[in-house]
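Taking the numbering used here, I'd label the letters of the sequence shown as residues 279 to 493.
For each residue, glycine too, the CB sits at the ideal point set by N, CA and C.
Each remark here refers to the structure printed beneath this line.
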Amino acid sequence: MSAGTFAEPVVVTAGSADPRAPLVVLLHGRGADENSIVGLARALPQGPEYAAVRAPIAEGGGYAWFANRGIGRPVAESLRATMDWFRTWLDAAAPDGRPVVLIGFSGGAAFAGGLILDDPARFAGAAVLYGTLPWDAGVPAGHGRLAGLPVFVAQGTEDTVIPRELLDRTWTYLNAESGALCTARRDAVGHGIGQAALEQLGEWLSQRVTLPAAG
279 MSAGTFAEPV VVTAGSADPR APLVVLLHGR GADENSIVGL ARALPQGPEY
329 AAVRAPIAEG GGYAWFANRG IGRPVAESLR ATMDWFRTWL DAAAPDGRPV
379 VLIGFSGGAA FAGGLILDDP ARFAGAAVLY GTLPWDAGVP AGHGRLAGLP
429 VFVAQGTEDT VIPRELLDRT WTYLNAESGA LCTARRDAVG HGIGQAALEQ
479 LGEWLSQRVT LPAAG
């Protein structure tokens with residue numbers, strides 16, 4: 279499998295149409311599509327362009343970012359192919375100098391995690407929402423790998439979808455080992471974005487994006 283295997287990305291946008299505006303990419307969960315997450319933009323700060331991208335692998339009436347070895351455990355070759363495919367789109371949509379922030383939910387969180395671990399300098403920040411990093415899937419995850427990168431992580435203590443050991447490993451790595459500038463919260467919710475987390479995500483994002491000057 280290679281990046282050339284996949285069709286052109288399907289993208290739904292919201293927010294600013296200014297090509298200089300920061301680009302916030304919304305990455306949906308496994309078995310969903312771009313329409314399931316683009317509405318998140320309504321709850322987030324005005325000013326950036328929001329782009330909800332459809333994952334390239336058809337699965338279960340929706341789409342997935344990678345083939346799985348088990349829940350939250352990507353196949354390395356599949357993850358590499360989809361990351362390369364995504365980067366081809368991203369590098370055209372956001373040339374050098376345009377800030378890019380990733381917001382991923384569930385399977386989209388794992389994909390966002392793969393992207394920042396693969397090339398942390400490419401991104402202005404990332405939110406890993408109710409998901410795990412892609413452990414043992416061919417992307418580097420050594421000590422200090424995300425040094426200085428702003429990362430927002432939210433987890434639910436009642437989440438029964440993502441294996442708890444993967445959530446705990448992700449929590450420990452992002453908070454204590456990665457070197458990321460990590461904002462983290464755990465709430466008594468299941469596998470879904472809680473209101474308190476959504477509000478804090480908006481605050482976090484507003485600090486990450488600098489809007490272009492008028493004119």
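Asked, Found
"VAL467 and VAL431 closer than 9 Å at C-beta", "no"
"Residue range of the unbroken alpha helix (DSSP H) whose run includes PHE364", "354-371"
"Cβ-based neighbour list, PRO352, same chain, cut-off 6 Å, excluding 5 preceding and 5 following", "PHE344, PRO412, ALA415"
"Touch test, the region 325-335 against the region 283-297, Cβ-Cβ under 8 Å, three pairs minimum", "yes"
"Length-filtered (3 minimum) beta strand (DSSP E) runs lying within the region 289-316", "289-293, 301-305"
"Minimum C-alpha distance to GLU286 - residue among GLY348, THR360, VAL316, PRO323", "THR360"
"Straight-line Cα distance separating ALA462 from TYR446", "Residue identity check: residue 446 is Asp in the sequence provided, not Tyr. When rounded, the distance between both Cα atoms is 12 Å."
"Given GLY348 as reference, the closest of ARG486, VAL439, VAL487, ASN453 once Cα atoms are compared", "VAL439"
"Supposed contact pair GLY480 and ALA321 - C-beta distance, whole angstroms, cut 8 Å", "6 Å"
"Reduced DSSP secondary structure (H/G/I, E/B, other) of LEU479", "helix"
"Cβ neighbour criterion (16 or more within 10 Å) applied to GLU477", "exposed"
"Spatial distance of ARG376 from ARG464 (CA atoms)", "31 Å"
"Alpha helix (DSSP H) runs wholly inside the region 419-452, at least 4 long, in chain order", "442-450"
"Distance, ARG358 Cα to VAL316 Cα", "25 Å"
"Cβ-based neighbour list, GLY470, same chain, cut-off 8 Å, excluding 5 preceding and 5 following", "TYR408, GLY434"
"LEU395 in three-state terms, based on DSSP", "helix"
"Beta-carbon spacing of PRO428, ALA458 below 9 Å", "yes"
"GLY385 (DSSP reduced to helix, strand or coil)", "helix"
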